[in-house]
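Have a look at the structure below before the remarks.
Residue numbers (this note's numbering): 97 to 571.
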């Protein structure tokens, strides 16, 4: 598709109109990436006016990144690297195929894409040659691109990608890169072509010299290129640390009383934390010393946190045993982390697998075409400049999705199999500890058997000692 000069103003307007939406996406991405503290502080600043209150709350922040833990738990497609090979078993293609996979660190980039898909219901991968003549790939955060489709038949397939290189300042200061399979333009936020940069690229006519749109974009939508955003995970992930902070803040002030006096001048012969002096204006002054005992509904707050966590896990296809009553003011943060760690993935990921299989097929078809364009322009060096054959076709086999159980559930199943005589101790140990070598499994099995025998012997000795005591008593 050719992106004409006349289209650029409309594309720039779309970018300007989406600035607020892209900012919201960037906030979500930043929170997932670890910028939890600042976003929690921003929410607190909006809710509280008193500087002293905000200062005390900041000192008790609980910046647990629930969002990252849940996404890491649920994005499972690339936990086990897939099998990739040339469909025609061409040895030269296999060697070059393997070389490209290593250079692009493709498993890591696809795992990142899987996590972005779990957050945003979409992901995009950019393909490019680096300055050293090596093919590269990068998973782009969704807030850095806009996907557009001018295809009336396949509206969920983008034919134009806009990279938001710089969108700060006035639109005249922006920098947007507009890509299609036939065009490439550098423009500002008003649609004006940056002639200086286009001249520096020796591309004043805005041609895509590679002849391929160097992006792979997939989203969870059949009706367009932009899925309906899902904000529950992000919003709850921000609110739960705030609730924990409120709980810590309230627990501090519940630990001691507030003492106040009425018409009692002078110093108080004690050392309370806080004393407030009040003056009675009307009537006969009667000096008095009183106290207020502040209260906080700790149990109700904990129940709310528990309900939020259960809801979050269920929306991500994760199941956990009841967490009701397991949190306290001192264990809530670690309890949340443990609940997520011990949750089980029960959602069927086959639909997601199909999306990533399609993405891989499209990606390797594009890499094959880009390989030719990059070689002809001298952008590849060494073995990377070798050519795929005309028959090259990538075949990708993803691991079968598995239900991920918590460790306690796996142990329970192993015990039941052993009790039913359907397995052996060694077989169950291999299931529970797949990373151990055969020798390590044998050693662990021996240790378990020795400890079990030792426990039985100790128990027998205890019974024998008790029998001897009883016999002595009878004598």
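Beta carbons are placed, not taken as given, at the ideal position from N, Cα and C, and that holds for glycine.
Spatially closest choice to residue 306 from 535, 130 and 475, by CA coordinates: 475
Buried/exposed call for residue 488, threshold 16 Cβ in 10 Å: buried
CA-to-CA distance, residue 241 to residue 264, given in whole angstroms: 15 angstroms
Cβ neighbours of residue 256 in the same chain (closer than 6 angstroms, five flanking residues each side left out): 244 and 276
Residues near residue 540 by beta carbon distance below 8 angstroms, same chain, minus five either side: 525, 529 and 532
Helix, strand or coil at residue 169 according to DSSP, with G and I counted as helix: helix
Cβ pair residue 345, residue 180 closer than 8 angstroms: no
Buried versus exposed, by CB contacts within 10 Å (16 or more), residue 403: exposed
Cutoff 8 angstroms; reference residue 154; Cβ partners in own chain excluding five residues on either side: 137 and 140
Identity of the residue in 278, 270 and 295 nearest residue 288 by Cα: 270
Among 219, 113, 220 and 202, nearest to residue 174 - alpha-carbon criterion: 202
Integer-rounded CB distance, given that residue 329 should sit under 8 angstroms from residue 451: Contact flag wrong, Cβ pair sits at about 19 angstroms.
Environment of residue 485 [buried if 16+ CB atoms lie within 10 Å]: exposed
Test item: CB-CB of residue 199 and residue 231 under 8 angstroms: yes
Residue 346 beta carbon near the ligand ADP (any heavy atom closer than 7 angstroms): Ligands in the displayed structure: none, and consequently the ligand ADP is not present.
Check whether residue 482 and residue 323 have beta carbons under 8 angstroms apart: no
Status (buried if at least 16 other CB within 10 Å, exposed otherwise) for residue 238: buried
Other residues of its chain near residue 253: CB distance less than 7 angstroms, five sequence neighbours each side excluded: 245 and 247
Element boundaries [beta strand (DSSP E), containing residue 313]: 311-315
For residue 101, the first and last residue of its enclosing alpha helix (DSSP H): 101-113
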